[in-house]
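**Student:** First the structure, which I've put down as C-alpha coordinates, then a few questions once you've had a look.
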Amino acid sequence: MGMRSQRPQSSRRSSTRLATSEGDRHSSLNEDTVLASGDNEKPWAVDRDRRSYGLQVVLPKRTYVLPWTQFLYAEGAPDSVRAVFSMHDVVVTGCGLEALLADFAEQVVTVLHHPPRAEHFAPAPGPRILAVEVHRIEGSGPRD
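Numbering-wise (the working numbering), the sequence shown opens with residue 1 and increments by one.
Here it is as C-alpha coordinates:
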(Lines of atoms letter the chains of each structure in order from A and count residues from 1; the text may use other names and numbers.)
(Lines give C-alpha, C1' and ligand atoms only; values in the text may rest on other atoms or scores of the structure.)
Protein backbone atom coordinates (compact mmCIF):
# COMPACT_ATOMS: atom_id res chain seq x y z
CA MET A 1 0.00 0.00 0.00
CA GLY A 2 1.47 3.37 -1.00
CA MET A 3 2.10 6.13 1.46
CA ARG A 4 -0.56 8.76 1.66
CA SER A 5 0.61 12.31 2.06
CA GLN A 6 -0.63 14.22 5.05
CA ARG A 7 -2.81 17.06 3.93
CA PRO A 8 -2.18 20.30 5.76
CA GLN A 9 -4.99 21.69 7.81
CA SER A 10 -6.32 24.84 6.27
CA SER A 11 -9.00 27.33 7.00
CA ARG A 12 -10.23 27.13 3.40
CA ARG A 13 -13.94 26.60 3.15
CA SER A 14 -15.59 24.38 0.58
CA SER A 15 -17.72 25.95 -2.09
CA THR A 16 -20.72 24.06 -0.68
CA ARG A 17 -23.12 25.91 1.59
CA LEU A 18 -22.43 25.71 5.31
CA ALA A 19 -25.18 26.03 7.86
CA THR A 20 -24.66 29.36 9.61
CA SER A 21 -27.63 29.93 11.88
CA GLU A 22 -27.84 28.46 15.36
CA GLY A 23 -30.92 26.52 14.25
CA ASP A 24 -28.77 24.64 11.74
CA ARG A 25 -26.09 23.68 14.27
CA HIS A 26 -26.47 20.63 16.46
CA SER A 27 -24.15 19.60 19.25
CA SER A 28 -23.52 15.94 19.98
CA LEU A 29 -21.04 14.72 22.56
CA ASN A 30 -19.42 18.18 22.71
CA GLU A 31 -18.73 18.19 18.95
CA ASP A 32 -19.94 20.94 16.66
CA THR A 33 -21.26 19.30 13.55
CA VAL A 34 -23.47 20.60 10.82
CA LEU A 35 -26.50 18.43 10.19
CA ALA A 36 -28.50 20.08 7.48
CA SER A 37 -31.78 19.40 5.75
CA GLY A 38 -34.07 21.42 3.56
CA ASP A 39 -33.50 23.50 0.43
CA ASN A 40 -30.03 22.90 -1.04
CA GLU A 41 -28.60 21.79 2.30
CA LYS A 42 -26.82 18.51 2.96
CA PRO A 43 -28.58 15.51 4.50
CA TRP A 44 -25.32 14.34 6.09
CA ALA A 45 -23.22 15.68 8.95
CA VAL A 46 -19.88 17.41 8.45
CA ASP A 47 -17.35 18.91 10.82
CA ARG A 48 -15.11 21.54 9.26
CA ASP A 49 -13.81 22.99 12.54
CA ARG A 50 -12.00 19.92 13.87
CA ARG A 51 -10.16 16.98 12.40
CA SER A 52 -12.68 14.18 12.03
CA TYR A 53 -11.13 10.80 12.82
CA GLY A 54 -13.88 8.60 11.48
CA LEU A 55 -17.09 8.21 9.54
CA GLN A 56 -20.14 6.81 11.33
CA VAL A 57 -22.58 5.03 9.00
CA VAL A 58 -25.95 4.39 10.64
CA LEU A 59 -28.05 1.69 8.96
CA PRO A 60 -31.40 0.33 10.19
CA LYS A 61 -29.89 -2.76 11.85
CA ARG A 62 -26.19 -1.94 12.19
CA THR A 63 -23.82 0.97 12.72
CA TYR A 64 -20.30 1.14 11.30
CA VAL A 65 -17.49 3.44 12.41
CA LEU A 66 -14.82 3.64 9.73
CA PRO A 67 -11.57 5.47 10.49
CA TRP A 68 -10.47 8.09 7.96
CA THR A 69 -6.94 6.64 8.20
CA GLN A 70 -8.29 3.67 6.18
CA PHE A 71 -9.95 5.87 3.51
CA LEU A 72 -8.52 5.17 0.06
CA TYR A 73 -10.64 7.10 -2.44
CA ALA A 74 -14.14 8.13 -3.47
CA GLU A 75 -15.81 8.17 -6.86
CA GLY A 76 -19.23 9.01 -8.10
CA ALA A 77 -21.82 10.92 -10.02
CA PRO A 78 -24.82 13.06 -9.02
CA ASP A 79 -26.89 9.92 -8.32
CA SER A 80 -24.32 7.62 -6.68
CA VAL A 81 -21.17 8.00 -4.58
CA ARG A 82 -18.81 5.22 -3.53
CA ALA A 83 -16.25 5.73 -0.75
CA VAL A 84 -13.62 3.01 -0.52
CA PHE A 85 -11.95 2.20 2.80
CA SER A 86 -9.33 -0.52 3.25
CA MET A 87 -11.91 -3.14 4.27
CA HIS A 88 -15.31 -1.64 3.37
CA ASP A 89 -17.11 0.14 0.55
CA VAL A 90 -19.74 2.73 1.44
CA VAL A 91 -22.25 3.23 -1.39
CA VAL A 92 -24.68 6.15 -1.24
CA THR A 93 -27.46 6.54 -3.80
CA GLY A 94 -29.71 9.52 -4.23
CA CYS A 95 -29.59 12.78 -6.17
CA GLY A 96 -27.45 15.90 -6.06
CA LEU A 97 -24.59 14.03 -4.41
CA GLU A 98 -21.74 16.07 -5.93
CA ALA A 99 -21.31 17.90 -2.60
CA LEU A 100 -21.05 14.56 -0.76
CA LEU A 101 -18.23 13.51 -3.07
CA ALA A 102 -16.43 16.81 -2.35
CA ASP A 103 -16.94 16.33 1.41
CA PHE A 104 -15.51 12.79 1.18
CA ALA A 105 -12.48 14.23 -0.61
CA GLU A 106 -11.95 16.64 2.29
CA GLN A 107 -12.66 13.88 4.85
CA VAL A 108 -15.12 16.08 6.75
CA VAL A 109 -18.18 13.78 6.71
CA THR A 110 -18.84 12.56 10.24
CA VAL A 111 -22.24 10.81 10.00
CA LEU A 112 -24.24 9.19 7.20
CA HIS A 113 -27.74 7.91 7.98
CA HIS A 114 -29.76 5.50 5.89
CA PRO A 115 -33.01 7.48 5.55
CA PRO A 116 -36.28 6.27 7.05
CA ARG A 117 -38.60 4.61 4.54
CA ALA A 118 -40.99 7.59 4.56
CA GLU A 119 -38.28 9.86 3.11
CA HIS A 120 -38.19 7.76 -0.08
CA PHE A 121 -41.60 9.14 -1.07
CA ALA A 122 -41.38 12.74 0.12
CA PRO A 123 -40.28 15.19 -2.58
CA ALA A 124 -37.36 17.35 -1.48
CA PRO A 125 -35.19 19.87 -3.32
CA GLY A 126 -31.39 19.82 -3.09
CA PRO A 127 -29.13 16.86 -2.25
CA ARG A 128 -31.02 13.78 -1.20
CA ILE A 129 -29.92 10.38 0.09
CA LEU A 130 -32.17 7.46 -0.83
CA ALA A 131 -29.99 4.59 0.41
CA VAL A 132 -26.72 3.94 2.20
CA GLU A 133 -25.03 0.54 2.00
CA VAL A 134 -21.82 -0.82 3.49
CA HIS A 135 -20.12 -3.79 1.82
CA ARG A 136 -17.18 -5.69 3.27
CA ILE A 137 -14.46 -6.07 0.65
CA GLU A 138 -13.87 -9.73 -0.20
CA GLY A 139 -11.05 -11.35 1.74
CA SER A 140 -10.89 -8.59 4.37
CA GLY A 141 -12.01 -10.58 7.38
CA PRO A 142 -14.91 -12.61 8.79
CA ARG A 143 -18.32 -12.31 7.17
CA ASP A 144 -21.06 -10.16 8.74
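Glycine is no exception: its CB is placed at the ideal position from the N, C-alpha and C atoms.
Small disclaimer: the values here were computed from a predicted structure and weren't measured.
If you draw a straight line from the C-alpha of arginine 117 to the C-alpha of glutamate 138, how long is it?
**Tutor:** Cα to Cα, arginine 117 sits roughly 29 angstroms from glutamate 138.
**Student:** Measuring alpha carbon to alpha carbon, tell me which residue in Lys61, Asp89, Asp79 is nearest leucine 72.
**Tutor:** Comparing Cα-Cα distances from leucine 72 to each of Lys61, Asp89, Asp79, the minimum goes to Asp89.
**Student:** Is it the case that the Cβ atoms of tryptophan 68 and isoleucine 129 are separated by a distance below 9 angstroms?
**Tutor:** No; because the gap between Cβ atoms is not below 9 angstroms, this pair is not in contact.
**Student:** To the nearest angstrom, report how far apart arginine 50 and proline 115 are at their CA atoms.
**Tutor:** Cα-Cα distance, rounded: 26 angstroms.
**Student:** By how many angstroms is the C-alpha of valine 109 removed from the C-alpha of proline 127?
**Tutor:** Each residue's alpha carbon lies about 14 angstroms from the other.
**Student:** Per DSSP, which one or two residues make a beta bridge with glutamate 133?
**Tutor:** Per DSSP, Val91.
**Student:** Applying the 10 Å Cβ sphere with the 16-neighbour rule, what's the burial state of valine 132?
**Tutor:** Flag for valine 132 reads buried.
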